[in-house]
Amino acid sequence: MPETSGLQVTDLRFAYPGDAFRLHVPELEIATGRTLALAGPSGAGKSTLVRLLTGLLTPASGQVRLGDSQVDALSLEQRRAFRLRHVGLVFQDFALLDYLTVVENIMLPHQFKGGAEAAVRTRAQGLAEHLQISQYLDKRVSLLSQGERQRVAVARALAHEPRFIFADEPTASLDPSRGRIVVDLMIDDARRRGACLVMVTHDPNLLPMFDQTVRMEEFLNA
0 MPETSGLQVT
10 DLRFAYPGDA
20 FRLHVPELEI
30 ATGRTLALAG
40 PSGAGKSTLV
50 RLLTGLLTPA
60 SGQVRLGDSQ
70 VDALSLEQRR
80 AFRLRHVGLV
90 FQDFALLDYL
100 TVVENIMLPH
110 QFKGGAEAAV
120 RTRAQGLAEH
130 LQISQYLDKR
140 VSLLSQGERQ
150 RVAVARALAH
160 EPRFIFADEP
170 TASLDPSRGR
180 IVVDLMIDDA
190 RRRGACLVMV
200 THDPNLLPMF
210 DQTVRMEEFL
220 NA
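Residue numbers (numbering that gives the first Met the number 0): 0 to 221.
Structure representation (structure tokens):
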């Protein structure tokens, strides 16, 4: 698959042992610079699909390709290295390090990817300003509100300019106006850099902003 194809899923199947949950994605493709929303009720498998796409879970069968890498065929260590270099992730629980400051959390991917620290710090500061958390850069994240922590997680996911961005409910702790700022930023960043963006959302008002929308119900128990 050419690098410009972005993300491609083929005949992906997954089930949790001893559970009636079954996920089957016959085909899914997102070109570089395009955005996709995963919509559906709680329990529909949205977070599970994100974990499969990023190599945090292994499918029973099928393929997941990000760029020219078949993620499901990589070893656990290779998947981890791939995520650190090429993937930006916003987890539902944020997965921040409470003992670090805001700017240290945002710049954490830089420690693994490398590059010019000054440039990454400048980008981190710009993201923080856009997300209205620049006043907290030197504050430990343990002292922030849920909404502030969520925006730190978004900034961290974008700071190292990943080729693939996955965000699991990145507006859940935000009011509508701040939620729109977050979504606008992530979409604009993906389109400007030619990255792929996959976002899980319960908010139907956000769906028209994306190039593609997938309803998870069509993939369940197939």
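Note that the Cβ used here is the ideal one computed from N, Cα and C, for glycine as well.
Beta-carbon proximity list for residue i, same chain, < 8 Å, skipping 5 on both sides
i	result
aspartate 174	Gly146
leucine 206	Ala36, Ala38, Thr200, Thr212
leucine 184	Leu126, His129, Leu130, Val153, Leu157
glycine 61	Val8, Thr9, Asp10, Leu11, Arg12, Val24, Asp71
phenylalanine 81	Gly54, Leu65, Ser68, Val70, Leu73
proline 16	none
C-alpha gap between residue i and residue j, whole angstroms
i	j	result
glutamine 110	glutamate 103	10 Å
glutamate 160	proline 108	10 Å
aspartate 18	arginine 214	21 Å
alanine 118	alanine 59	41 Å
serine 141	asparagine 204	31 Å
glutamate 216	glutamate 116	43 Å
leucine 196	isoleucine 186	7 Å
threonine 34	serine 144	28 Å
Proximity winner among the options, relative to residue i (alpha-carbon distances)
i	options	result
phenylalanine 209	Glu128, Gln69, Met198	Met198
leucine 136	Thr170, Met106, Ala117	Met106
glycine 125	Lys138, Leu143, Val151	Val151
aspartate 97	Ile29, Asp187, Pro169, Arg139	Arg139
aspartate 167	Ser68, Leu48, Gly54	Leu48
glycine 5	Leu52, Ala118, Arg78, Asn204	Leu52
aspartate 92	Arg190, Asn220, Ala171	Ala171
isoleucine 29	Leu143, Ser144, Phe163, Leu99	Phe163
Residue burial classification, residue i (beta-carbon count within 10 angstroms, cutoff 16)
i	result
alanine 123	buried
proline 40	exposed
glutamine 134	exposed
glycine 42	exposed
glutamine 149	buried
leucine 75	exposed
threonine 121	exposed
leucine 95	buried
proline 169	buried
CB-CB length for residue i against residue j, believed under 8 Å
i	j	result
phenylalanine 165	valine 86	7 Å
arginine 84	lysine 112	5 Å
isoleucine 132	valine 89	The pair is not a contact, with the Cβ atoms about 14 Å apart (cut-off 8 Å).
6 Å Cβ shell around residue i - same chain, five flanking residues per side excluded
i	result
leucine 56	Arg50
aspartate 188	Leu157
leucine 27	Val8
valine 181	Val153, Pro169, Thr170
arginine 190	Gly32
alanine 14	Arg21
asparagine 220	Arg21
Close-in-space but distant-in-sequence residues of the same chain around residue i (CB under 7 Å, 5 per side omitted)
i	result
glutamate 2	Bear in mind that a pLDDT of 44 at glutamate 2, under 50, signals an unreliable position, so the model cannot answer this.
glycine 193	Thr31, Gly32
phenylalanine 218	Leu22, His23, Val24, Gly44
methionine 0	Because methionine 0 sits at a pLDDT of 39, beneath the cut-off of 50, its placement in the model cannot be relied upon, and the following sentence gives the value as read from the coordinates. Cβ within range, chain order: Gln7, Arg64, Asp67.
arginine 179	none
serine 46	Gln91, Asp167, Val199
arginine 155	Asn104, Ile105, Leu107, Pro108
Closer than 9 Å to chain C by CB, residue i
i	result
aspartate 18	Here chain C cannot be found, since the structure has a single protein chain.
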